[in-house]
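Below is one structure, written out as structure tokens; the observations come after it.
Number of protein chains: 2
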Amino acid sequence: MSNQVTSTIDEAVRLFKIYSDTTRLRIIELLLDNEFCVQDIADQLDASQSAISHQLKLLRDRHVVKTRKHGKQVFYSLQDNHIKEIFLVAYSHVTECNEPDCE
Amino acid sequence: MSNQVTSTIDEAVRLFKIYSDTTRLRIIELLLDNEFCVQDIADQLDASQSAISHQLKLLRDRHVVKTRKHGKQVFYSLQDNHIKEIFLVAYSHVTECNEPDCE
DNA sequence: TTGACATATGAGTCATTGTTCATATATAAT
DNA sequence: ATTATATATGAACAATGACTCATATGTCAA
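Chains A and B, in that order, are what the protein sequence lines are. Offset between the first sequence (1-based) and this note's numbering: plus 47. Offset between the second sequence (1-based) and this note's numbering: plus 47.
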């Protein structure tokens, strides 16, 4: 734990950065239990097709989501179970913190 | 789950952003089990006093760390147990992912 | 009070990043 | 082949954020 940690910390930072954007986190939330094509995601998040497509590319590059082509459409779903778990841990922490003096 | 979720997602994003910087994450790692004063943190992370102080202010504003004054020094320690837990979950996921095909 | 040390902070700079706009690619239907 | 639809992508722009530099504040010792 000293030199290896440095790069491990950087890897952790890379992981956290994936979740550190509203659009991406909402995409991940959408895909928790379903698969959706690009336009469906854009519609549900009220975002442009381009913005969503850019973020999906980023998520795919980081192996967070996988794709399935069907005709003209591309369906996206979560690839990594870690993603789901970390999302849920953080999500529950945020929603739990409604008591006074919490956080 | 629809309008409330939007702001919950934003809260989660805010939480993830705390971890999304190498300097901050290394500070959090340092403080997992100990308290340290500003200069000690700066020395151990090979960073400037000012850079560390700025990040500590951010962490304090977000209730991640608490302070204890002792003479001229200010000692920082973790305030929130959630922080520790989320750090460890992510950290273990990152270190686990050394098998082929993982991540 | 003066000087030394520890920490805090405002302003400016530079890099990163999320979005839009325009356009390219891919697939299906006619 | 042509057109329409779905998705991908490069460039430009704007916002954010982390750092440095200079300096302020706070505390102790002499």
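Using N, Cα and C, we set each Cβ at its ideal position, and we do this for glycine too. Quick caveat, the model's predicted, so the values are computed rather than measured.
Residue range of the unbroken beta strand (DSSP E) whose run includes Gln96(B): Within the second sequence, the letter at position 49 stands for residue 96(B). Note, Gln96(B): premise wrong, no beta strand (DSSP E); alpha helix (DSSP H) at 96 to 108.
Own chain, CB closer than 8 Å to Gln96(B), minus 5 neighbours either side, in chain order: Indexing the second sequence from 1 puts residue 96(B) at position 49. Val85, Gln86, Ala89.
Residues near Lys131(B) in its chain [Cβ-Cβ closer than 7 Å; skip 5 each side]: Residue mapping note: residue 131(B) aligns to position 84 of the second sequence, counting from 1. So the qualifying residues of the chain are Leu79, Leu125.
CB contact flag (Phe63(A), Tyr123(A), <8 Å): For the purposes of this step, residue 63(A) is taken as residue 16 along the first sequence, with counting starting at 1. For the purposes of this step, residue 123(A) is taken as residue 76 along the first sequence, with counting starting at 1. No Cβ-Cβ contact shorter than 8 Å links Phe63(A) with Tyr123(A).
Asp68(B) versus His129(B), Glu58(B), Asp57(B), His101(B), residue with shortest Cα-Cα distance: Taking the second sequence and counting its residues from 1, one reaches residue 68(B) at position 21. Nearest C-alpha to Asp68(B): His101(B).
Proximal residues of chain B, C-beta to C-beta of His101(A) below 7 Å: Along the first sequence, one-based indexing puts residue 101(A) at 54. Here the premise fails: no neighbours, minimum Cβ distance about 17 Å.
Neighbour list for Tyr123(B) in chain A, Cβ cutoff strictly below 7 Å: Counting from one through the second sequence, the residue named residue 123(B) turns up at place 76. Close to Tyr123(B), with beta-carbon spacing below 7 Å, lies no residue of chain A; the smallest spacing is near 17 Å.
Minimum Cβ-Cβ distance from Ser95(A) to chain B less than 8 Å: Locating residue 95(A) in the first sequence gives position 48, where the first residue counts as 1. It does not; no Cβ of chain B falls within 8 Å.
Any C-beta of chain B under 8 Å from that of Arg107(A): Along the first sequence, one-based indexing puts residue 107(A) at 60. Judged by the 8 Å Cβ criterion, Arg107(A) is not in contact with chain B.
Cβ-based contacts, 9 Å cut-off: residues of the segment 72 to 93 of chain A near chain B: Residues Leu72, Arg73, Glu76.
Any C-beta of chain B under 8 Å from that of Lys131(A): Along the first sequence, one-based indexing puts residue 131(A) at 84. No, Lys131(A) lies away from the interface with chain B (no Cβ there is under 8 Å from its Cβ).
Cutoff 8 Å: His117(A) Cβ touching any chain B Cβ: Walking along the first sequence from the start, residue 117(A) turns up at place 70. It does not; no Cβ of chain B falls within 8 Å.
Short CB-CB distance (under 8 Å) between Asn50(B) and chain A: Residue numbering aside, residue 50(B) sits at position 3 when the second sequence is read from its first letter. Any reading at Asn50(B) must be qualified, since the residue scores a pLDDT of 46, below 50, and its modelled position is unreliable; the value itself is stated next. False, the Cβ-Cβ gap to chain A never drops below 8 Å.
For Leu92(A), three-class secondary structure by DSSP: If you number the first sequence from 1, residue 92(A) lands on position 45. Of the three classes helix, strand and coil, the one that applies to Leu92(A) here is helix, per DSSP.
Assigned secondary structure, Lys41(A) (DSSP; H/G/I helix, E/B strand, else coil): In the structure as shown, chain A starts at 48 and stops at 150, and residue 41(A) therefore has no counterpart that could be examined.
Proximity below 8 Å, CB of His71(A) to CB of Leu106(A): For the purposes of this step, residue 71(A) is taken as the residue at position 24 of the first sequence. For the purposes of this step, residue 106(A) is taken as the residue at position 59 of the first sequence. Note that residue 71(A) is Arg in the sequence shown, not His. Yes, they are a contact pair.
Within-8 Å CB hit, Lys64(A) to chain B: To locate residue 64(A), count along the first sequence from 1; it is residue 17. Chain B, which has a Cβ nearer than 8 Å to the Cβ of Lys64(A), makes this yes.
Short Cβ contact (8 Å threshold) for Val111(B) with Ile65(B): The residue you call residue 111(B) lines up with position 64 of the second sequence. The residue you call residue 65(B) lines up with position 18 of the second sequence. Contact flag set, yes.
Beta-carbon proximity list for Leu92(B), same chain, < 6 Å, skipping 5 on both sides: Taking the first residue of the second sequence as position 1, residue 92(B) is located at position 45. Correct list, in chain order: Arg73.
Under 8 Å from the C-beta of Thr55(A): neighbouring residues of chain B: For this step, residue 55(A) is matched to residue 8 along the first sequence. Neighbours of Thr55(A) on chain B, chain order: Tyr138, Val141, Thr142.
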